[in-house]
């Protein structure tokens, strides 16, 4: 393993851990025994509405407010990929949406891969694809499965081509500024058309744009304004280059589909949650060179989620006095 270059290498960073990991089992047992004897700060209980909880979610103690954590959707910025996932999840449960985006954030496109060799990272992507396959098999209809899995595999291929920044952080080349409409659909916008035409028809202006973007001290605003001004003066050139841009995008997508995915966990049994987790464990046993403990911990997270999902929704309790 190469030396760590991310925040984990900062002196004292290892101290930033959940408090549960910093106390012994004896101390935890003492807390459990003594907790009921502590007098509450407020005797009168607050009313908690029961309709705020999904099925299977634990009910908070009186005087506490529960907040169900939703996973933030992940968008690559490529409409054909993102919108296929949006279509497949439309009208589905929040639990399913959370599970899908958990996979994208944590397995396919994690920003920080501290402690993982490249072989582990690629296997983790393959595991994410199998998780997506399990969700598709058990929670999506036949019309949605194919488009959903094609999109998830495309994201996995983008992830496979990702490059490390230093040792621990990843650059996947996805778009960070994404235009989303009120229905959750991604629109790729006109900037890509402008820059494509500028690069082909006016290389000097394109070099000026890149320099402005690189040296800008206001998040690229100067460069964006430069590109917008150029586009207003060259609308005809942009229109003339649209067909060539679409051809290039089609070629890039075709090339992306040729990227091979890791097969460590391929072919897992998705017929039921129990069989799925068991088959994942069997494939892990047969794998060589992987950090087994890391993957066992990932599998353990999926065992207790309710209603057959792979991840449970996070319930955060907030005390009131």
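Residue numbers (our numbering): 1 to 321.
All residues carry an ideal CB built from backbone N, CA and C; glycine is no exception.
7 Å CB neighbourhood of residue i in its chain, flanking five on each side removed
i, result
"residue 181", "187"
"residue 82", "75, 76 and 186"
"residue 4", "114, 167 and 168"
Same chain, Cβ closer than 8 Å to residue i, neighbours up to 5 away in sequence not counted
i, result
"residue 241", "193, 196, 197, 200 and 201"
"residue 304", "312"
"residue 101", "71, 72, 73 and 74"
"residue 268", "130, 133, 134, 276, 279, 280 and 283"
"residue 176", "77"
Environment of residue i [buried if 16+ CB atoms lie within 10 Å]
i, result
"residue 225", "exposed"
"residue 72", "exposed"
"residue 127", "buried"
"residue 133", "buried"
"residue 98", "buried"
"residue 95", "buried"
"residue 294", "exposed"
"residue 31", "exposed"
"residue 247", "exposed"
"residue 130", "buried"
"residue 250", "exposed"
"residue 122", "buried"
"residue 310", "buried"
"residue 296", "exposed"
CA-to-CA distance, residue j to residue i, given in whole angstroms
i, j, result
"residue 307", "residue 292", "27 Å"
"residue 27", "residue 172", "43 Å"
"residue 116", "residue 273", "27 Å"
"residue 206", "residue 254", "27 Å"
"residue 220", "residue 212", "7 Å"
"residue 324", "residue 227", "With the chain running from 1 to 321 in the structure shown, residue 324 is simply not present."
"residue 232", "residue 239", "12 Å"
"residue 301", "residue 109", "18 Å"
"residue 170", "residue 118", "11 Å"
"residue 162", "residue 141", "31 Å"
"residue 51", "residue 236", "Because residue 51 sits at a pLDDT of 49, beneath the cut-off of 50, its placement in the model cannot be relied upon, and the following sentence gives the value as read from the coordinates. If you take the alpha carbons of residue 51 and residue 236, they lie about 56 Å apart."
Sequence-distant residues of its chain with Cβ nearer than 6 Å to residue i (five each side left out)
i, result
"residue 53", "With a pLDDT of 47 at residue 53, under the threshold of 50, the modelled position of this residue cannot be trusted; read the value that follows with caution. Within the same chain, residue 53 has no close Cβ partners at all."
"residue 105", "74"
"residue 139", "96"
"residue 179", "187 and 189"
CB contact below 7 Å: residue i versus chain B
i, result
"residue 193", "Of the chains in the structure shown, none is chain B; there is only one protein chain."
Alpha helix (DSSP H) runs contained entirely in the segment 195–280, provided each spans 4 or more residues: 203–215, 221–233, 235–240 and 242–257
Three or more C-beta pairs closer than 8 Å, one from the segment 278–288 and one from the segment 141–149: is that the case here? Judged by Cβ distances under 8 Å, the segment 278–288 makes no contact with the segment 141–149, as fewer than three pairs qualify.
Three or more C-beta pairs closer than 8 Å, one from the segment 152–161 and one from the segment 250–267: is that the case here? When Cβ pairs closer than 8 Å are counted between the two stretches, the segment 152–161 is seen to touch the segment 250–267, the count reaching three or more.
Could you tell me which uninterrupted beta strand (DSSP E) segments, each at least 3 residues in length, are contained entirely in the segment 151–184, listed from first to last along the chain? Scanning the segment 151–184 from its first residue to its last, the whole beta strand (DSSP E) runs of 3-plus residues come out as 163–165 and 169–171.
Threshold first: 4 residues or longer. Then list the alpha helix (DSSP H) segments lying entirely within the segment 87–152, N to C. 94–103 and 118–139
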